[in-house]
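One structure is given here, and the rest of the page talks about it.
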Amino acid sequence: MAATRTMKENYLGMAKGIAPDFLLQYSYGVNPYSKRAPLTIGSGPSILRERRTADGGYDVWGVKYVANREAGFAGLPEPGNFILDDITKWRDVIKAPDLSDVDWEKVAKKDMENLAKSGLDPNQSALSFHMHGGYFQELMAFMGFVEGLCAIQEEPEEVYALFDYMCSFYEDVAKKSIKYYNAELYQITDDVAAWGAPFVSPKQYRELIKPFQVREAQIGNDLGIPIAMHCCGKCDMLVDDWVEFGVRFWDPPQTCNDLLSIQKKYGNKIILAGCFDVLGDMLSPNYSEEKFKQDVRDCIDTYSKEALFVFNHWLFGDPDNDLFNDRNRWMTEVVESYGLDIYK
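Residues are numbered in our numbering as their position in the sequence shown, beginning at 1, plus a constant of 1.
Listed below in structure tokens is the structure:
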């Protein structure tokens, strides 16, 4: 009997076009309804998050975050408390911390020890190097959406200069530290889109955001590790750009995108880790378990035909909300039963 591959081997193999042993599920951390190891473990310098706390705290740039039960304790910039009100004054406000004296090997060693203490096993899950939430998202956190979007429209040169400054900081951190984290993926994150359309035009994305994602991706490309992109919303018009600079995994491609066309165009060159959304009546307490599970099976049937894909959807919210918890459990049960034979 052939040896069983780890979740890491199954997942990373997909970037090379190798079918997994069974349908995989991406769940943004440990899935409490599964005995499988997570596909990835987030790694990267904790020093960039040392001021973040369970109830929010501050990011590396000084933005205050808050969290609440209803949002599943996900940290969001504190409403109305913006640190930058004039993009032309960003040099006076946005200051990268001085990390010149940091012993990166020591920091990484401690971070990896903390991963082990949490019960996560890098022998089973791929180590994904990740540093920040994205250039667009950071600008919105600095200024709020109204002023941030106005800055992009009215002062693109200043936005570019700010992003260049931030990227230089992140590049420096990555180049000094990534070798100590045994990274097997390079994670890029930036939610540049809403459900119906991107927040910026494709032209603005290519001029103001893409250049800095390219610079970061090059670090992973130079190491020969796959690039993963996290971007929610309607952003399928940007996939060509992502593939161009080496993105091999996209999470979570939501159903507002033309996902089948992407699969037909690129096959296994970019792996879609998503393709399912819980919307409308599916969130009704009266929506039956069997009907919901059939929706999941229909999704699997649809997106496993054209190319390899990873099932990915997770409802975040009050951890005691059984409506959310039931649906997360139902999705997992279908993936781990119906999904067993998909790639055999």
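Using N, Cα and C, we set each Cβ at its ideal position, and we do this for glycine too.
- ASN287 and LEU140 have their C-alpha atoms roughly 41 Å apart.
- Within the model, the alpha-carbon separation for VAL174 versus ASP122 is close to 24 Å.
- Excluding five sequence positions before and after CYS233, the CB atoms of its chain that fall closer than 7 Å to its own CB belong to ASP192, ALA194, PRO253 and GLN255, given in chain order.
- Per DSSP, reduced to three states, the secondary structure at MET8 is helical.
- With contacts defined as CB atoms closer than 8 Å, LEU24 and PHE293 fail to qualify as a contacting pair.
- Per DSSP, reduced to three states, the secondary structure at LEU128 is strand.
- Straight through space, the alpha carbons of PRO78 and LYS65 are spaced by roughly 6 Å.
- Taking the C-beta atoms as reference points, LEU116 is found nearer than 8 Å to SER44.
- The beta-carbon separation of ALA274 and TYR27, rounded to 5 Å, stays under the 8 Å limit for a contact.
- Here SER44 carries a strand assignment [DSSP, helix/strand/coil].
- DSSP, read as helix, strand or coil, puts GLN255 in coil.
- ARG298 carries a helical assignment under DSSP once its states are collapsed to helix, strand and coil.
- Contact between ILE272 and PHE246 is absent: CB atoms are separated by about 16 Å, not below the 8 Å threshold.
- With respect to the 8 Å criterion, ALA308 and ASN269 are classified as neighbours on the basis of their beta carbons.
- Put simply, the region 313–331 touches the region 66–77. At least three CB pairs are less than 8 Å apart.
- For ALA38, the three-state secondary structure derived from DSSP is coil.
- For the pair ILE95 and LEU163, the CB atoms are nearer than the 8 Å cut-off.
- Taking all protein chains shown into account, TRP243 has 16 or more neighbouring C-beta atoms within 10 Å of its C-beta and is therefore buried.
- PHE277 and TYR206 have their C-alpha atoms roughly 25 Å apart.
- Taken in chain order, the complete alpha helix (DSSP H) segments of 4 residues or longer contained in the region 240–294 are 240–245 and 260–267.
- The beta carbons of GLU290 and TRP251 sit no closer together than 8 Å.
- In this chain, MET230 is not harboured by any alpha helix (DSSP H); it is covered by the beta strand (DSSP E) spanning 228–231.
- Separation of ALA127 and GLU159 (C-alpha to C-alpha, rounded to the nearest whole angstrom) is 37 Å.
- Within the model, the alpha-carbon separation for SER305 versus ILE263 is close to 13 Å.
- By the CB criterion at 8 Å, HIS131 and GLN188 fall inside the cutoff.
- In the structure shown, the three-state DSSP call for ASN69 is coil.
- For GLU208 against PRO157, the beta-carbon gap comes to about 7 Å, under 8 Å, which counts as contact.
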